[in-house]
Amino acid sequence: MSISIQSWSKELVAAVEEVFYGKQRVIKKILCALLSRGHVLLEDVPGTGKTIVARAVAAVLDLDFKRIQCTPDLLPADVLGVSIWSAEKQRFLFKQGPIVSNIVLVDEINRATPRTQSALLEAMAERQISVEGKKLPLPEPFFIMATENPVEFEGTFPLPEAQKDRFLLSLSIGYPDKTAEALILESQRQLYNPVEKLSPRFHKEDLLKFQEEVTQIHVDPALRDYMLALVQASREHPSVRLGVSPRGSLALYRASQAWAAMEGRRYVVPEDIRALVADVFRKRIILKSEALIKNIQVDRVVESIVESVPVPVFKEGV
């Protein structure tokens, strides 16, 4: 039986909400990144459910899941894998690292050294890893969800701009409201983690098919130019030292296509772009020092950019 991307996403959001309460829009944006073949950076304090949402998405999609806890002594071989001598076979056998999986949660990525971060960069950018001079393709679908703690910087290695630019979206989960937190407490009145009770609703073949379909979502030339105008405005804003890169333009384009498909349309409308522009731009904009001194926030700059660029007239439909 054929199912639409809209129905698929609604069912997945509902399934993940069974264990990750009150954050429907965050779940939807994570699925949007998955459909766009992108990656997500979650910047949040500990205990807001980052691991649960990653495990839940993997469970309902029947995907392999691995978790990498980053520390300063984490080596690239710990992430990629290493060859181990087999006395039985009298040769080296390659033992795959946790990066060789469908969904990988990279917890506190800024605690890994730049050398280890660069190994993750190749995986994100090229969907392959280099081990002992050989290229190893990563499984499809491949999705990295990395986390950062925004309030603790001691012993961390800030992500370089090239690494931040590889993330399609930058999201914040935030604290749950009182009702959602009450549900969290009630869910713990059992022996096992609620995520372990989730059963697959779809298979990876469905996701791979939908990733292909998303690329065919129509974008009117006027809306394409609207995206470019937003990007250009980020580069010319008086508070901005470094604006959004061409890779950021592509991220907004791809994410808007996926969002439109999740809304049940075969074409993009301005609301799709405006729903995602802050998440795409957030980690790609660097403010000038004088703006930081005045405590100007990146999200406020993005709001002013969106307000300054007029929404174009476009032909609705395919």
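In this note's numbering, the protein residues as written are 22 to 339. Just so you know, even glycine gets a beta-carbon here, dropped at the ideal spot from N, CA and C. The structure displayed is predicted, hence computed values, not measured ones.
Bridge partners of Q90 according to DSSP: D128. Three or more Cβ pairs closer than 8 angstroms define a contact, and the segment 34 to 52 falls short of that threshold against the segment 248 to 268.
The residue from V47, L62, V323, I314 with its alpha-carbon nearest to that of L189 is L62. If you look at G102, you'll find it in the beta strand (DSSP E) that goes 102 to 107. Taking 8 angstroms as the cut-off, the beta carbon of V289 is found closer than this to the beta carbon of V240. Shortest Cα-Cα distance from P291 to any of R303, F335, F302, S270 involves F335.
In the DSSP secondary-structure assignment, H239 is bridged to Y288.
Cβ neighbours of Y274 within its own chain (closer than 8 angstroms, five residues either side excluded): V240, R245, M248. Under the three-state reduction of DSSP output, P267 falls in the helix class. For T168, the secondary structure class from DSSP, reduced to helix, strand or coil, is strand.
For Q149, the three-state secondary structure derived from DSSP is strand. For S191, the three-state secondary structure derived from DSSP is strand. DSSP, read as helix, strand or coil, puts I306 in coil. The DSSP-derived three-state label of L206 is helix. In the DSSP assignment, R112 is bridged to S107. By the criterion of a C-beta distance shorter than 6 angstroms, S30 is surrounded in its chain by L52, M283, once the five residues flanking it on both sides are discounted. Per DSSP, the continuous alpha helix (DSSP H) segment holding K185 begins and ends at 182 to 185. Under the criterion of beta carbons closer than 8 angstroms, D65 and I194 qualify as touching, at roughly 5 angstroms.
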